[in-house]
Amino acid sequence: MEVVEKIVYPDEITGFSTEEHRFEPYSWYREMRSSHPVYFDPKQKVWNVFLYRDVERVLSDYHLFSSKNDRKLSSFPVIGKEERSLTSMDPPLHSKRRGLVAKAFTPKSLKTWEPRIATVAQYWLDQIREQDTIDLVYDLAIPLPVTVIAELLGVPASDWKQFKLWSDAIISPGSRDTYAESVKERTQALKEMADYLLPIIRQKRSRPTDDIISDLTIAELEGERLSDEEIIYFGIGLLFAGNETTTRLISNAFYCFLIDQPAAYPLLRKELSLIPKAVEEVLRYRSPAQFMMRRVAQDTNVFGAEMKEGESIIAWIGSANHDEEHFVQAEQFDLNRPNNQQHLSFGKGTHFCLGAPLARMEASIGLTEFMKRYSRLILPEQWSLSENLGQRGFLAKFPVRVER
Ligand code: HEM
Numbered sequence: 016m017e018v019v020e021k022i023v024y025p026d027e028i029t030g031f032s033t034e035e036h037r038f039e040p041y042s043w044y045r046e047m048r049s050s051h052p053v054y055f056d057p058k059q060k061v062w063n064v065f066l067y068r069d070v071e072r073v074l075s076d077y078h079l080f081s082s083k084n085d086r087k088l089s090s091f092p093v094i095g096k097e098e099r100s101l102t103s104m105d106p107p108l109h110s111k112r113r114g115l116v117a118k119a120f121t122p123k124s125l126k127t128w129e130p131r132i133a134t135v136a137q138y139w140l141d142q143i144r145e146q147d148t149i150d151l152v153y154d155l156a157i158p159l160p161v162t163v164i165a166e167l168l169g170v171p172a173s174d175w176k177q178f179k180l181w182s183d184a185i186i187s188p189g190s191r192d193t194y195a196e197s198v199k200e201r202t203q204a205l206k207e208m209a210d211y212l213l214p215i216i217r218q219k220r221s222r223p224t225d226d227i228i229s230d231l232t233i234a235e236l237e238g239e240r241l242s243d244e245e246i247i248y249f250g251i252g253l254l255f256a257g258n259e260t261t262t263r264l265i266s267n268a269f270y271c272f273l274i275d276q277p278a279a280y281p282l283l284r285k286e287l288s289l290i291p292k293a294v295e296e297v298l299r300y301r302s303p304a305q306f307m308m309r310r311v312a313q314d315t316n317v318f319g320a321e322m323k324e325g326e327s328i329i330a331w332i333g334s335a336n337h338d339e340e341h342f343v344q345a346e347q348f349d350l351n352r353p354n355n356q357q358h359l360s361f362g363k364g365t366h367f368c369l370g371a372p373l374a375r376m377e378a379s380i381g382l383t384e385f386m387k388r389y390s391r392l393i394l395p396e397q398w399s400l401s402e403n404l405g406q407r408g409f410l411a412k413f414p415v416r417v418e419r
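Residue numbers (this note's numbering): 16 to 419.
Here's what the structure looks like:
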């Protein structure tokens, strides 16, 4: 019998061995779109799709491509009981669970979050007021999302450094050599977080306040409520889902505005109302989440090749967002692109990112507050990429000299 490994290592499909490669995967995507748009990797035994229309189909057609999968991406953590995680469920169960937790993410919640996010952004910018050199990653892109999510969850924002450590451990690197060690770290971090959250949840059950955890304790749908354990793991899930990705979005935005299109920073500073649209182009051009995996739920040849039930398939979001068939001159960062909102960076269909409005708001507010304070940024001589092997590369340090 053929043995299929449970863990899928994306680096062994791409062949990337440096952070520079992981940060700039676009020429590999281009090559795959033109030569192997539907590709079976014989070593990892996994299908891969690279075209916009195929990625969109895999993400949204849960009858053919299920989120329930025994195989996991090395970089994707399993949090709590797997079958209870939103991202591992299919409808109809998924719709029910999502309906419950979505009660904490209503447009009304968003309205009340807006001023709270602005206050957090201003707080962090005040901390660096006296500095002439600012590390855009360390001084803003890291602390902003982690404190915002702590504040919105309703846990002490002053514990943010601890949150960041836990969050890093949960998404720790996933290359083959380090995988076993990183699973140990994840397990330990998950246990510590659960111990930290449980008393907070119990307290909020008896005395709810204005935050996501309180909303989850009272959320009810068709007579069902979430257990303490479910809230713990959903809370941890939010910390993971909403933290690292938004950090990447904000740091990528600076990279796009300073390096990909250097005219963008002064232009946006003059016209701050253009920032939300610019954020969409950043999401398209440098997507924080580059790929998602599904399981083929029934034999199919929708993409031409014969795919068998039970096989795994990776939808390469970062490639879909650069598909020339869908985006004109896709390889250019273009603030005026009319259809950039059609990027697939938040997924598509039933699993569409629950936190997308929050991430968009956080990035737009953070960038607006920043630009109000600084007229010009002088590019770093040296910036560095993270050494987070096994995942997509991202900025670790991006220091700039600032002019007010
Ligand atoms: C730029 C930032 C973000 C990006 C790029 C992003 C990306 C994604 C993607 C691609 C998915 C779809 C997963 C799939 O199809 O299997 C997703 C789902 C999800 N995201 Fe986000 N996300 C971001 C921020 C956030 C934030 C801030 C939160 C909440 C605080 C959040 C919470 C979630 C949740 C709960 C799901 C699962 C939805 C479901 O399965 O029904 N995300 N995200």
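All residues carry an ideal CB built from backbone N, CA and C; glycine is no exception.
Since this is a predicted model, take the numbers as computed values, not measurements.
Residue side-chain check: Ala256 places its Cβ nearer than 7 Å to a non-hydrogen atom of the ligand HEM. For Tyr153, the three-state secondary structure derived from DSSP is helix. CA-CA distance, Ala304 to Ala335, rounds to 12 Å.
In the structure shown, the three-state DSSP call for Met104 is coil. The beta-carbon separation of Pro160 and Glu377, rounded to 6 Å, stays under the 8 Å limit for a contact.
Of Pro395, Thr383, Ile329, Arg416, the smallest CA-CA separation from Glu71 is found for Ile329. The nearest non-hydrogen atom of the ligand HEM is 7 Å or more from the C-beta of Arg48.
In this structure, Ser401 lies near Phe409, with their beta-carbon atoms less than 8 Å apart. Residue environment: Ile149 is assigned as buried (16 or more neighbouring CB atoms within 10 Å of its CB, all protein chains considered). Collapsing the DSSP output to three states places Asp225 in coil. The alpha carbon of Glu324 has as its nearest neighbour, out of Arg45, Glu418, Ser81, the alpha carbon of Ser81.
For Tyr248, the closest of Asp349, Asn316, Met386, Leu101 by C-alpha to C-alpha distance is Leu101. Under the three-state reduction of DSSP output, Ser360 falls in the coil class, being neither helix nor strand. Rounded to whole angstroms, the gap between the alpha carbons of Ala278 and Ser390 is 13 Å. Of the candidates Arg68, Leu88, Gln59, Phe120, Phe120 places its Cα closest to the Cα of Gly257. At a cut-off of 3 residues, the continuous stretches assigned as beta strand (DSSP E) that sit fully inside the segment 123–181 are 148–150. With a cut-off of 8 Å on Cβ pairs, the segment 236–251 is not in contact with the segment 307–314, counting fewer than three such pairs. Remark: the shortest separation between the CB of Thr102 and any heavy atom of the ligand HEM falls under 7 Å. For Phe385, the enclosing alpha helix (DSSP H) has its first and last residue at 371–388. Using a Cβ-Cβ distance cut-off of 8 Å, the segment 366–383 and the segment 255–273 are in contact, since at least three pairs of beta carbons, one from each stretch, lie closer than that value.
For the pair Thr232 and Arg222, the CB atoms are not nearer than the 8 Å cut-off. Contact between Leu213 and Asp243 is confirmed by a C-beta separation of about 6 Å, below the 8 Å threshold.
For Glu296, the uninterrupted alpha helix (DSSP H) run begins and ends at 290–300, by DSSP.
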